[in-house]
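Let me begin by presenting the structure, written as C-alpha cells, before commenting on it.
Residue numbers (the working numbering), protein chains in the order written: chain C, 521 to 840; chain Y, 521 to 840.
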C-alpha cells in the first residue's frame, strides 16, 4: 500500500524524492549500497515524505527545495529501522530478511550510521538554521525513545505514561517534524507550521497505537512477521497495558518470555483479544485522530488539507 | 596527556568546551548519561577541539561561537569510538571497560546514536550551510571507513592504497575538518581554510600511522589494552603491510586469527618489530608530518601557528 499510488497528484513529486533517495545511498562499497537499497526498496509507505510534500503546500511550494527535506526524513526513518532491527534481534522486516540477519549486526550498525550521515548531507542543502535544530532535536528524542524501549522491555509494571512518551519519541515526533519541516521549507506562516506539527503528532500517536494493535489482530502474511512479535520481544504496548488491568490476565501475560512456544503465545494473544483491550486501544487511537482532524479544520482549505484528511482517515481504517 | 595541560593559553576556552560537552550529553535516562559520560570523561586528549580552537584563531575569534564547533567534533569522535568498540568487540578503551562490555551492544549502539544526535544539536547553533555540508560529508566518509575496516579484516592481500584510504576516512578527514570548520566558524580567509584543512589531513595521517605503530611498540600499560590488538582483531595496518613484503614473514603473519594464544602472538609481534617495518612506517609518518609543517609555513605567523607546530612535533615524538 504505497501512498503514491493513492494520491496521484503527488506522483511526479514523489518520483523526484525516490531519485534523491537512491542517489543518496549509492556508495562505492557494494555491501553498503546493497544493504541500504535492500531496506529502502522493500516497500516502505513513504508516509513521511508524503507528509513533507503536503505540509509544504501551505507555503511557497518548490519541489526542488522540498524534495531534500522529504528524502531526509525518509532516510532518517530508514536508518532508525536498521538500528531497531539490531536491537530487536529481528529477522524479518516488511516481509523480507533484515540487514542484520542477511549480513550481521556490525554491518547493520554501520549501514544505519551511513544512512543517517547521508540524511544529514541531504539536509545540508536546506539553508535554515531552525530546520536543522528541529531535525537534530527530533533525532535526540528518537534515540531516547529507543533506549527507553530497551530499558522497559519485559517491564510489566510500567505505567501508561511511559508507553505514551515512548511512542511519542519513537514515532509521533518524526511525523510531526515531517509536517513542520515541510511547512518551514516553503516559508509557511508560523501558526500553520505549529498546527501542522500538532496534526502530525496526533496522527503519529494514532498510527503507532494502530500499529501496536495490528501486531495482535493482523495475520502473519499481512504483517510480514508473526503476530504478537512485539510482546514476544518484551515490548509492552497499549493493548497489553489495557489487558493487564485484569489481574488474572496480567499474571498470564507476565509469563511471556522470548523463548516461549508458539502455541503458548497464541493462547495469550487470544486472551488479550478476548479481553476488550483491542477495542479500548482502538478508541484511544481514534481520540488522537479526532484531535488531528480538529487541527486540520483550522488550516486553509486546499487540496493538501483534503489529502492529509484522507490519509488520517485511512490510518483509522487500516487493516495492516 | 591532555593537551589542555600543555597549552595553557587554551585552558579557559577548553574549559568552556568541556562544559558544553557535559551539558550536551546530560539525558533524563540515567543509563544513557552514565554510558555517555563514562567515555567522554575517560581521558580523551581533546585533540579535535584543540585543533578547532587553534584554527579559529586565524579568523575573527569568538569562543562563544567556536565552542559549539569544538564540542561537536569531540562528540562525533566519541560517538564513533562507541560504535567502533561494538564492531571491534573491544572490552577495553583508554584503559577502562567499554560501554559494550559494561552494558551490552544494543546500549552501545544507541549511546553512539544519541551522542551523534547531540553533536548535530550542538552544530545547529552554527548558521553556516557550508559548515553543515562539510560535517555531513565527513560523517559519510567516516562510516565508509568503518565499513571498509570490517570488510578488509584479515584480508592479508589488501594493497597499501586501501590502507591509506581507510585511515584517511577513519581519522585524517575528521581532524582536517576540525581545522577547516574552526577556520570557517570565524570567517578566516578561504585560502587559510584550505591550508588548515590540508595541515589537519597530513597531521591526521601521521597521527594514525603512529597509532598503528604504537600498537606494536608500546606496552600494555601505556596502551590501556594488549599490544598487537589491531592485528589480533584482523586490522591490517602499515607496519604489517610493510612486514609482509618479506614472503616468509607474510606466511607467518597470515596465521594470525582472533583466538590465537598470547605467546604465539608475541612471537609474531617480535618478528614484525625485527623486520624493520616499524622504522619504515615511522619514516612514512614523518613524511606526512613534513607536509603538515610545509602547510603551516604558509600560514600567518601567530601563537596559534606555533602551537599547531608544537602539537605536530609531539605527534612525531609521542611514545603512547
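A virtual CB, placed ideally from N, CA and C, is assigned to each residue, including glycine.
Distance check for residue j and residue i, CA to CA, integer angstroms please.
i, j, result
"residue 677 of chain Y", "residue 802 of chain Y", "22 Å"
"residue 521 of chain C", "residue 565 of chain C", "Confidence in residue 521 of chain C is poor, its pLDDT being 40 and thus under 50, which makes the residue's placement too unreliable to answer from."
"residue 789 of chain Y", "residue 557 of chain C", "41 Å"
"residue 523 of chain Y", "residue 824 of chain Y", "Any reading at residue 523 of chain Y must be qualified, since the residue scores a pLDDT of 48, below 50, and its modelled position is unreliable; the value itself is stated next. Residue 523 of chain Y and residue 824 of chain Y: Cα-Cα distance of roughly 14 Å."
"residue 591 of chain C", "residue 555 of chain C", "18 Å"
"residue 768 of chain C", "residue 553 of chain Y", "38 Å"
"residue 532 of chain C", "residue 586 of chain C", "13 Å"
"residue 726 of chain C", "residue 634 of chain Y", "26 Å"
"residue 835 of chain C", "residue 731 of chain C", "9 Å"
"residue 639 of chain Y", "residue 598 of chain Y", "10 Å"
"residue 712 of chain C", "residue 703 of chain C", "8 Å"
"residue 821 of chain C", "residue 695 of chain C", "21 Å"
"residue 584 of chain C", "residue 544 of chain Y", "34 Å"
"residue 753 of chain Y", "residue 665 of chain Y", "16 Å"
"residue 807 of chain C", "residue 741 of chain C", "29 Å"
"residue 842 of chain Y", "residue 690 of chain Y", "Nothing about residue 842 of chain Y can be read from this structure; chain Y reaches only from 521 to 840."
"residue 671 of chain C", "residue 777 of chain C", "16 Å"
"residue 541 of chain C", "residue 573 of chain C", "15 Å"
"residue 762 of chain C", "residue 746 of chain C", "21 Å"
"residue 680 of chain C", "residue 804 of chain C", "12 Å"
"residue 534 of chain Y", "residue 571 of chain Y", "11 Å"
"residue 631 of chain C", "residue 766 of chain C", "43 Å"
"residue 582 of chain Y", "residue 706 of chain Y", "7 Å"
"residue 568 of chain Y", "residue 561 of chain Y", "15 Å"
"residue 669 of chain C", "residue 529 of chain C", "38 Å"
"residue 737 of chain C", "residue 645 of chain Y", "46 Å"
"residue 603 of chain C", "residue 593 of chain Y", "23 Å"
"residue 755 of chain Y", "residue 674 of chain Y", "7 Å"
"residue 800 of chain Y", "residue 637 of chain C", "36 Å"
"residue 649 of chain Y", "residue 627 of chain C", "30 Å"
"residue 723 of chain C", "residue 814 of chain C", "11 Å"
Could you name the residues of chain C that residue i contacts, counting a contact when the two beta carbons are closer than 8 Å?
i, result
"residue 780 of chain Y", "In chain order: nothing, as chain C lies at least about 21 Å away."
"residue 705 of chain Y", "None at all; the shortest Cβ gap to chain C is about 14 Å."
"residue 670 of chain Y", "626, 627 and 630"
"residue 634 of chain Y", "660, 663, 664 and 667"
"residue 777 of chain Y", "Going along chain C, no residue has its Cβ under 8 Å from residue 777 of chain Y, so there is no contact; the nearest lies around 18 Å."
Around the C-beta of residue i, are 16 or more other C-beta atoms found within 10 angstroms, so that it is buried, or is it exposed?
i, result
"residue 538 of chain Y", "buried"
"residue 483 of chain Y", "The structure shown does not extend to residue 483 of chain Y, since chain Y is modelled only from 521 to 840, so the question has no answer here."
"residue 577 of chain C", "buried"
"residue 775 of chain C", "exposed"
"residue 686 of chain C", "buried"
"residue 692 of chain C", "buried"
"residue 605 of chain C", "buried"
"residue 781 of chain Y", "exposed"
"residue 709 of chain Y", "exposed"
"residue 739 of chain C", "exposed"
"residue 812 of chain C", "buried"
"residue 715 of chain Y", "buried"
"residue 832 of chain Y", "buried"
"residue 647 of chain C", "exposed"
"residue 580 of chain Y", "exposed"
"residue 546 of chain C", "exposed"
"residue 700 of chain C", "buried"
Using a Cβ cut-off of 9 Å (strictly closer), state whether residue i contacts chain D.
i, result
"residue 598 of chain Y", "As a matter of chain content, chain D is missing from the structure shown, whose protein chains are C and Y."
Could you list which residues in chain C have their beta carbon closer than 9 Å to that of residue i, in chain order?
i, result
"residue 606 of chain Y", "625, 626 and 629"
Under 8 Å Cβ-Cβ, which residues of chain Y neighbour residue i?
i, result
"residue 637 of chain C", "656, 659, 660, 662 and 663"
"residue 603 of chain C", "629, 630 and 633"
Along the stretch 639-663 of chain Y, where does the CB come closer than 7 Å to a CB of chain C? Name the residues. The residues in question are 640, 641, 644, 647, 649, 652, 653, 656, 657, 659, 660 and 663.
Using a Cβ-Cβ cut-off of less than 7 Å, list which residues of the stretch 784-796 of chain C approach chain Y; keep chain order. Contact residues of the stretch 784-796 of chain C toward chain Y are absent (C-beta to C-beta distance below 7 Å).
Along the stretch 570-588 of chain Y, what residues have a CB closer than 7 Å to any CB found in chain C? Here the close residues number zero.
Contact residues within the stretch 801-812 of chain C, judged by C-beta distance below 9 Å to chain Y: Cβ contacts with chain Y: none found.
Of all the residues that make up the stretch 683-707 of chain Y, which are near chain C by a beta-carbon distance shorter than 9 Å? Answer set for the stretch 683-707 of chain Y: empty.
Can you list, in chain order, the stretches of the alpha helix (DSSP H) that have 4 or more residues and sit fully within the stretch 780-816 of chain C? At a cut-off of 4 residues, the continuous stretches assigned as alpha helix (DSSP H) that sit fully inside the stretch 780-816 of chain C are 782-794.
Residue ranges of each alpha helix (DSSP H) run of no fewer than 4 residues wholly in the stretch 645-729 of chain C, ordered along the chain? As far as the stretch 645-729 of chain C is concerned, its whole alpha helix (DSSP H) runs of at least 4 residues are 649-671, 680-687 and 693-705.
What ranges does the beta strand (DSSP E) occupy inside the stretch 748-783 of chain Y, keeping only unbroken runs of at least 3 residues that lie completely in it? Unbroken beta strand (DSSP E) stretches of 3 residues or longer found wholly inside the stretch 748-783 of chain Y: none.
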